[in-house]
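Count along the first sequence from 1, add 9, and you get the number used in the working numbering.
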Amino acid sequence: MVYSSHVYLQEQRKLLDRLRDVLRVKYQIELENLAIEQPPDIKFGEYALPVAFELARLLKKAPRKIAEEIIAELSPLEGFAGFEVAGAGYINAKLDRGRAAREIASGTEKIAPETPLHALVEHTSINPNKAAHVGHLRNAILGDTFVRLLRAAGHQVDVQNYIDNTGVQVADVVVGLMHLEKLSLEAVQTLMQQLEQRGEKIDYYCWDLYARVSQWYEADEAEKQARKQVRLDTLHAIENGGNDAARVADLVSTAILKRHLETMLRLGIEYDLLPRESEILHLHFWNLAFEQLKESGVLYYEEEGKNKGCWVMKRAGAGQAEDQDGPDEDAKVIVRSNGTVTYVGKDIAYHLWKFGLLGRDFAYRKFFEYADHTCWISAETGEPEHPHFGGAQAIYNVIDSRQADPQANVVEALRGLGYTEQASRYTHFSYEMVALTPRCAEELGYEISDEDRSRPYIEVSGRKGFGVKADDLIDKLIAATQKEVDSRHPELIAKEREQIAKEIAVGALRYFMLKYTRNTVIAFDFNEALSFEGETGPYMQYAVVRTRSIFRKAGTTAEQALADFAGVDATPYLTGEDGDGIWQVWLRAARTSLLLDQCIATAEPAYLAKHAFQLAKEFSNFYRKHHILTEADPARKKFLLATAAVTQRELIRALSWLGISAPEVM
RNA sequence: GCGCCCAUAGCUCAGUUGGAUAGAGCGAUUGACUACGAAUCAAUAGGUCGGAGGUUCGAAUCCUUCUGGGCGCGCCA
10 MVYSSHVYLQ
20 EQRKLLDRLR
30 DVLRVKYQIE
40 LENLAIEQPP
50 DIKFGEYALP
60 VAFELARLLK
70 KAPRKIAEEI
80 IAELSPLEGF
90 AGFEVAGAGY
100 INAKLDRGRA
110 AREIASGTEK
120 IAPETPLHAL
130 VEHTSINPNK
140 AAHVGHLRNA
150 ILGDTFVRLL
160 RAAGHQVDVQ
170 NYIDNTGVQV
180 ADVVVGLMHL
190 EKLSLEAVQT
200 LMQQLEQRGE
210 KIDYYCWDLY
220 ARVSQWYEAD
230 EAEKQARKQV
240 RLDTLHAIEN
250 GGNDAARVAD
260 LVSTAILKRH
270 LETMLRLGIE
280 YDLLPRESEI
290 LHLHFWNLAF
300 EQLKESGVLY
310 YEEEGKNKGC
320 WVMKRAGAGQ
330 AEDQDGPDED
340 AKVIVRSNGT
350 VTYVGKDIAY
360 HLWKFGLLGR
370 DFAYRKFFEY
380 ADHTCWISAE
390 TGEPEHPHFG
400 GAQAIYNVID
410 SRQADPQANV
420 VEALRGLGYT
430 EQASRYTHFS
440 YEMVALTPRC
450 AEELGYEISD
460 EDRSRPYIEV
470 SGRKGFGVKA
480 DDLIDKLIAA
490 TQKEVDSRHP
500 ELIAKEREQI
510 AKEIAVGALR
520 YFMLKYTRNT
530 VIAFDFNEAL
540 SFEGETGPYM
550 QYAVVRTRSI
560 FRKAGTTAEQ
570 ALADFAGVDA
580 TPYLTGEDGD
590 GIWQVWLRAA
600 RTSLLLDQCI
610 ATAEPAYLAK
620 HAFQLAKEFS
630 NFYRKHHILT
640 EADPARKKFL
650 LATAAVTQRE
660 LIRALSWLGI
670 SAPEVM
């Protein structure tokens, strides 16, 4: 459980502790979970306790009567201004706002988990055979944001991007290069040099090639079998290694992988390790896993039925109903009758490694340099000195919801092996796909059927080359923000304007991907993604820019404004209707750390995204209503400046967790 | 056939542990730049929370069922 110390939660705990005491002493009642909420309007207070409703039946008394009795015992409570009964029997608790504001402003919030976890987050994991598209962006942005949340909460996190460099998808582009284009290994090398000289991207080239190959397999009915055989032979050649197909695969997949890292770096997304399928194969991870699985009885050899001759396991979620005789036809095949292992089998071995349970490690080489750290890649033989990877206590796999079943099977295997603790800390960080609206598809020049046109969205498909490429989208966003920045800030030099445009574009894109909850299908539309108004990243960045402008004009800083606030009694400014509105901003800001805990507990970054937007919105409202720089009362001016400072501090903090920066001007 | 997910304002979505009058953005209408930056703010209109039962002091939220949609279920990866 993540714990962080901050005013809102601290006062909440104090209130609940006191309430428990009262219930124990007055009614001899112990309640496990005491519900606590926020009243619908801030004028009712900061906390609402519906406890009287629950007690009404037990005590055979009216809720309001019980609430009154409890209130009589609750007060006085340090830090609280008072309690009231409201509605049918709510107990509303009101904070001493002046005191709470001082504590929020002093803001020495330490966030330290009770038990820091060594966590492993795996995200992105794009097949290295084509350019990244919008769906991959959602994956990477969700994963990267979750990494930031865990790190903000004080956990140690390794970021992994799994690379399936020996799968069918890579085989398909190798078939394209060697059989459609009829290129040799040397010719492929030449082609890659030519592409680079022309400024063309290899991942874009393969995007089209992959679509062509997929068509080619199906194009000629008479040739179909033969072509599928070419594909299969190529796949096996790549898996085995030591031949030209494998060399072409390595060459191309490595180049495309570099491109993916570049694309993601544009959004501030970095990785620590790139574990590859090729090493999982060549270092024989499976053999070790197989021994464990056989020994524990998770896998058993099927003697009859359709899976005869295979090693199988009980499917996750399958009931224990084994009344009937005969083989479990629903079982999941892990080792085929020809002795080869399936995808889920390899995944089990890989996940044993992640938890440090396999008894074997990768070798490692340096692959990519970031500003302040190195990204390593798995290897058969590597460098003697390298960081320690694997052996995590908790893992998070950012994988789309369609892979729920295979993920569940891996967890099932871990549990069957007796690794129940690890199984409980295995999170399939599931999310829904990004699809295109029919209108968007038509804008991109795709021909769509009448049936598709009537749907709310159309699934993207790499095989058909149907989708929005990540770099194209980022380019479009930057072009749009650049235009705005250029016209708003002609006084700035080009380089500065460029930097600001990029930050706004990234803010817009990341917020767009984060504002939807994970299990909502995003129907992608350029109009919405390219919007900078309303509930968007730039809206929040603009709120921060306004606070920066205020401190610049006031000749001070946010830190100084908070220090200057120390001696001010804000109580008179936090009463009445205007005071309620301003207090709303303070309270929202104070709850930021609470949101961090909630987002980690629920693995849902969208809550923080919404929170940040709400805070920006309430500040914008405050900004319009209360003019800070012209305030005549010096004490009140300090208070208003502190309001802007607290907002800036918490908004920048929340935005940084979302991977969104706030420029000086925009 | 089995399993999982979804249905909330014209559109796109929030609604976390069951709690007070179901919220936001966009779009629409109207108003606000001689005040800290209008990528902004204010106001108005807009809802049988897919239907029907049930549990509960209380249901958009939990249970049952129906309807409509999506996804997954290979000795592919």
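All C-beta atoms, glycine included, are put in the ideal place defined by N, C-alpha and C.
- In the structure shown, T529 adopts coil according to DSSP, grouped into three states.
- When the alpha-carbon of K103 is set against those of Y440, L282 and I51, the nearest one is in I51.
- Judged by DSSP in its simplified three-state form, G474 adopts coil rather than helix or strand.
- Inside the stretch 428 to 480, DSSP marks whole beta strand (DSSP E) runs of 3 or more residues at positions 435 to 440 and 443 to 445, from first to last along the chain.
- In the DSSP assignment, V554 falls within the alpha helix (DSSP H) that extends over G546 to A563.
- Under the 8 Å Cβ criterion, the stretch 203 to 212 counts as touching the stretch 254 to 273, having at least three qualifying pairs.
- In the DSSP assignment, C215 falls within the unbroken alpha helix (DSSP H) covering I211 to A228.
- T199: not part of any beta strand (DSSP E); member of the alpha helix (DSSP H) spanning L194 to Q206, first to last residue.
- Residue environment for G516: buried (at least 16 other C-beta atoms within 10 angstroms of its C-beta).
- Counting only the Cα atoms, I135 lies some 28 Å from R462.
- Secondary-structure assignment with DSSP links G91 through a beta bridge to K103.
- Put simply, the backbone Cα of R561 is about 15 Å away from that of K647.
- Shown here, T490 sits in a helix according to DSSP, grouped into three states.
- Looking at the backbone, the Cα of G368 and that of L266 are separated by about 28 Å.
- Boundaries of the beta strand (DSSP E) harbouring V407: A403 to D409, taken from the DSSP string.
- In the same chain as A663, and ignoring 5 residues on each side of it, the C-beta atoms closer than 8 Å to its own belong to T601, L604, L617, H620, A621 and L624, in chain order.
- Take the alpha-carbon of R256 and the one of F299: they are about 29 Å apart.
- Around the beta-carbon of E286, 16 or more other beta-carbon atoms lie within 10 Å, marking it buried.
- The three-state reading of DSSP puts D50 in coil, since its state is none of H, G, I, E or B.
- Between the alpha carbons of Y280 and V168 lies a distance of about 5 Å.
- Within the same chain, Cβ atoms closer than 7 Å to the Cβ of A327 are found at D339, the five residues on either side in sequence being excluded.
- Nearest C-alpha to H15 among A599, R29 and E190: A599.
- Across the set L260, S558, P393 and A417, the C-alpha of L260 shows the shortest separation from the C-alpha of S193.
- Contact between V530 and M675 does not hold, since their C-beta atoms are separated by about 31 Å, which reaches or exceeds 8 Å.
- Secondary structure at Y36: helix, using DSSP grouped into helix, strand and coil.
- Counting along the chain, E378 sits inside the beta strand (DSSP E) bounded by residues A372 to E378.
- Look at the beta carbons and you see the stretch 417 to 433 not touching the stretch 383 to 394: under three pairs across the two are nearer than 8 Å.
- In this structure the stretch 173 to 189 lies against the stretch 240 to 255, because at least three pairs of beta carbons, one per stretch, are closer than 8 Å.
- Three or more beta-carbon pairs separated by less than 8 Å are not found between the stretch 65 to 79 and the stretch 123 to 138, which leaves the two stretches without contact.
- Inter-residue distance for A128 and V166 is about 5 Å (C-alpha atoms, whole angstroms).
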